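Counting with the numbering used here, you get residues 83 to 626 for the letters of the first sequence. In this text, a Cβ means the ideal position worked out from N, Cα and C, and glycines have one as well. Note that the coordinates shown come from a computational prediction; the quantities given were computed from them, not determined experimentally. Here the structure comes first, spelled out in structure tokens, and everything after it is commentary.
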Amino acid sequence: MANEEIARIFYEIADLLDLEGVRFKPEAYRRAARTLEQFPSEVRSLKDPSAVRALPGIGEALSSKIEEYRSTGKVLYLERLREKWPPGLLEIMRLEGVGPKTTRRFHEELAIRDLADLKAALEAGKLDHLPGFKARKVELLRQALSHRPPGGASRSGGRLPLPEAQRIADELLASFRATKAPVDRVVYAGSLRRRREDVGDLDLLATTRGDPRAVMEAFCHLPPVREVRLSGETKTTVILDGGLQVDLRVVAPEAFGAAWVYFTGSKDHNIRLRTLAQQKGMKMNEYGLTRGEGRTDSPTEEAVYGALGLPFIPPELREDQGEFEAAAAGRLPRVVQPGDLKGELHIHVPASFGPEDLDPWVREARDLQLRFLGFVFRPEDLSASSTRLGEIRQRLPGRKGGVRILLALETSLSTGEKGLPDDPPDLWFVRPGGARKGGTTAPGPGASGRWPDVQVHPEEGPFPPGSPKDRLALELAVGPREVYLPPGARALAEGGALFLLSARPRLPEELRRLSLVAGVGARHWVCGDQVLNAREDPVGRRPA
DNA sequence: GCCGTTTTCGGCCCGACTGTTTTCAGTCG
83 MANEEIARIF YEIADLLDLE GVRFKPEAYR RAARTLEQFP SEVRSLKDPS
133 AVRALPGIGE ALSSKIEEYR STGKVLYLER LREKWPPGLL EIMRLEGVGP
183 KTTRRFHEEL AIRDLADLKA ALEAGKLDHL PGFKARKVEL LRQALSHRPP
233 GGASRSGGRL PLPEAQRIAD ELLASFRATK APVDRVVYAG SLRRRREDVG
283 DLDLLATTRG DPRAVMEAFC HLPPVREVRL SGETKTTVIL DGGLQVDLRV
333 VAPEAFGAAW VYFTGSKDHN IRLRTLAQQK GMKMNEYGLT RGEGRTDSPT
383 EEAVYGALGL PFIPPELRED QGEFEAAAAG RLPRVVQPGD LKGELHIHVP
433 ASFGPEDLDP WVREARDLQL RFLGFVFRPE DLSASSTRLG EIRQRLPGRK
483 GGVRILLALE TSLSTGEKGL PDDPPDLWFV RPGGARKGGT TAPGPGASGR
533 WPDVQVHPEE GPFPPGSPKD RLALELAVGP REVYLPPGAR ALAEGGALFL
583 LSARPRLPEE LRRLSLVAGV GARHWVCGDQ VLNAREDPVG RRPA
């Protein structure tokens, strides 16, 4: 994917500029790289130079480098930087606790060019003579070198898919709350709260009126904690058994709002907020907003945004990718929230599904205050067991325990609407699987004149060009292991597309994942009124 | 290199923790 490649190039340039000791530019390159990574599906925009120029953090120089890469496949500026610095230095710089300054000293004072050189120098005791390098630092370096997995993957490598990160966070929070630690409140923040598709580490925030050290102590002794990286009065970093890093910050309750904003990020969003505070003659940090000597308490996030003259910005939008501009213009979208979702429509069940199988689903749905459930069948499964949709319809109630029971048929583009005319389902899904190359099988109305309702399983591949997306809802799902996004989700959402938000549950308790799906939808600027399963009646004819 | 309800030039977020230091530099988020 072209923009991810360009992002990697910008990151490398940033690292090399750090090595050179250049100020400000590295952050400019990284910010641009983050922008490019943010919405990797929107490759289209890169083909239009003026659109690229309009992206946050990308100006004249960087847009022309993107153009250069597009036309020549390389960036001369990077090539020149690479000539000046041995490639192995970047590996050294990625070691835990080793930054550009230290790397450069290794290179200039000890002629170290790569990790092998560094190891040899360490063995030979050459580092012991380096000023500022005593036994402890040498030991930390030794550990950093051995922490590296043999394969060479750096610590930045392992990011967890969102649903897995959420599971780990839930368990960790539960066991933390179960301790005797004197905490008022514990929440998660960071990219998990922003509902990024993948999460690199967990960020937790706790408030206490008691001794923060006691809180840290309890946290460090939680069962899954393998190692304590650092621990101070307000901040502790640990590594869990699976290798996941977790940061805990502890603040007083009066600072909770400011701290949650700060710790939720993103970095770029925070920088923007703090700059805004500066412009208003204030200073903002994780403890609150100050003006001169006066301190404003910030018990809630709303208070923080309010003091800056902003409406509350939902965490999913905090990327400095247009949310400030939208807020200033009074056009911050009312993005979908968990409570908006009134049902789940994408539940695959076997053709033998019967009334007794329904009960646990209905119980869970009632718990979650859902109004409808949609069970999905595939024509090939039905024909394999010689079952007609009409039979299933007859043996299942149309409503149970106040929950409406809907039936959906899922065909692939190649099977078309087989099975539709006789037994019209409540909803008709199409998935791209089996789409013929050449795009002749774009979904359209079947013989009955009926159009499919939803385009599902975006992970199976793109729909042929010319797909009438405007007539179809697009599925955006969070499965047990992964997030499934239609390409260009945000652009589609801003263009007014309709979405189906699904947890793709295979067990009733997985319906709880709907709140996560809502968050991912929000992150892509999907509004409540654009969501099929946020409607009272997801079957009724859509407004034109 | 980017960017502008103080600016098209001159700024660029802010603090915690650690190790090696008598006041701070480097790294990290």
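CA-to-CA distance, E564 to P245, given in whole angstroms: Your numbering for residue 245 matches position 163 in the first sequence. Your numbering for residue 564 matches position 482 in the first sequence. Cα to Cα, P245 sits roughly 6 Å from E564.
Using CA coordinates, which residue listed in P587, L158, Q403 and L414 is at the minimum distance from C609? By 1-based counting over the first sequence, the position of residue 609 is 527. The shortest C-alpha separation from C609 is found at L414.
Which runs of the beta strand (DSSP E) fall wholly inside the stretch 234-307 and span at least 3 residues, in chain order? 267-270 and 283-289
Buried or exposed: F459, going by 16 or more other Cβ atoms within 10 Å of its Cβ? Translated into positions along the first sequence, residue 459 becomes position 377. Burial call: buried.
Spatial neighbours of L204 in its chain, beta-carbon cut-off 8 Å, leaving aside the 5 residues before and after: The sequence position of residue 204 within the first sequence is 122, counting from 1. Excluding sequence neighbours, L204 sits near V220, L223, R224 and L227.
Going by beta carbon distance, what residues of the same chain come within less than 6 Å of R112, once the five residues before and after it are set aside? In the first sequence, residue 112 corresponds to position 30, counting from 1. A96, listed in sequence order.
On a CA-only basis, which of G282, M298 and H303 is nearest T318? Give me that one, please. Here residue 318 refers to the residue found at position 236 of the first sequence. Residue M298 is the option with its Cα nearest to T318.
Tell me whether Q360 is buried or exposed, calling it buried when 16 or more other Cβ atoms sit within 10 Å of its Cβ. For the purposes of this step, residue 360 is identified with residue 278 of the first sequence, where counting begins at 1. Classification for Q360: exposed.
State the Cα-Cα distance for the pair A411 and G404, rounded to the nearest angstrom. By one-based count along the first sequence, residue 411 stands at place 329. By one-based count along the first sequence, residue 404 stands at place 322. For A411 and G404, the distance between alpha carbons rounds to 11 Å.
Within 10 angstroms of the Cβ of T154, are there 16 or more other Cβ atoms? Answer buried if so, exposed if not. In the first sequence, residue 154 corresponds to position 72, counting from 1. Per the 10 Å Cβ criterion, exposed.
What's the gap between the Cα of L160 and the Cα of A110? Walking along the first sequence from the start, residue 160 turns up at place 78. Walking along the first sequence from the start, residue 110 turns up at place 28. Looking at the two C-alpha atoms, the distance is approximately 15 Å.
So if DSSP puts V458 in a beta bridge, which residue, or which two residues, is it bridged to? Here residue 458 refers to the residue found at position 376 of the first sequence. Bridge partners of V458: H430 and A490.
Please identify the residue among M364, P305 and D285 whose C-alpha is closest to the C-alpha of V343. Here residue 343 is taken as the residue at index 261 of the first sequence, counted from 1. It is D285.
Going by beta carbon distance, what residues of the same chain come within less than 6 Å of A408, once the five residues before and after it are set aside? Start at 1 with the first residue of the first sequence, and residue 408 comes out as number 326. Only L414 meet the Cβ criterion.
Whole-angstrom C-beta distance between L371 and T378, which should lie under 8 Å: If you number the first sequence from 1, residue 378 lands on position 296. If you number the first sequence from 1, residue 371 lands on position 289. The Cβ separation is near 5 Å, so the contact holds.
Per DSSP, which one or two residues make a beta bridge with I321? Taking the first sequence and counting its residues from 1, the one referred to as residue 321 is at position 239. Bridge partners of I321: E309 and Q327.
Rounded straight-line distance, which links the Cα of F406 to that of E102: Here residue 102 refers to the residue found at position 20 when the first sequence is read from its first residue. Here residue 406 refers to the residue found at position 324 when the first sequence is read from its first residue. Computed Cα separation, rounded: 33 Å.
Decide if L98 is buried, meaning its Cβ has at least 16 other Cβ atoms within 10 Å, or exposed. In the first sequence, residue 98 corresponds to position 16, counting from 1. Buried, by the Cβ-count rule.
Out of R617, R445 and F188, which has the shortest C-alpha to C-alpha gap to F215? Here residue 215 refers to the residue found at position 133 of the first sequence. When each option's Cα is compared against that of F215, the closest is F188.
Would the stretch 446-455 count as touching the stretch 417-424 if we require 3 or more Cβ pairs under 8 Å? yes
Within the continuous alpha helix (DSSP H) that includes G603, where are the two ends? Translated into positions along the first sequence, residue 603 becomes position 521. Where G603 is concerned, the enclosing alpha helix (DSSP H) stretches over L596 to R605.
With a 10 Å radius around its C-beta and 16 neighbouring C-beta atoms as the bar for buried, classify R373 as buried or exposed. Reading the first sequence from its first residue, position 291 is the one you call residue 373. Its Cβ having fewer than 16 others within 10 Å, R373 is exposed.
Does V512 pass the burial test, meaning 16 or more other C-beta atoms within 10 Å, or should it be called exposed? Here residue 512 corresponds to residue number 430 of the first sequence, with the count starting at 1. Classification for V512: buried.
S467 versus A433 - alpha carbon distance: For the purposes of this step, residue 467 is taken as the residue at position 385 of the first sequence. For the purposes of this step, residue 433 is taken as the residue at position 351 of the first sequence. Answer to the nearest angstrom: the Cα atoms are 7 Å apart.
Given this structure, state the Cα-to-Cα distance separating A573 from P620, to the nearest angstrom. As a first step, residue 573 is located in the first sequence; it is residue number 491 there, counting from the start. As a first step, residue 620 is located in the first sequence; it is residue number 538 there, counting from the start. So the alpha carbons of these two residues sit roughly 23 Å apart.
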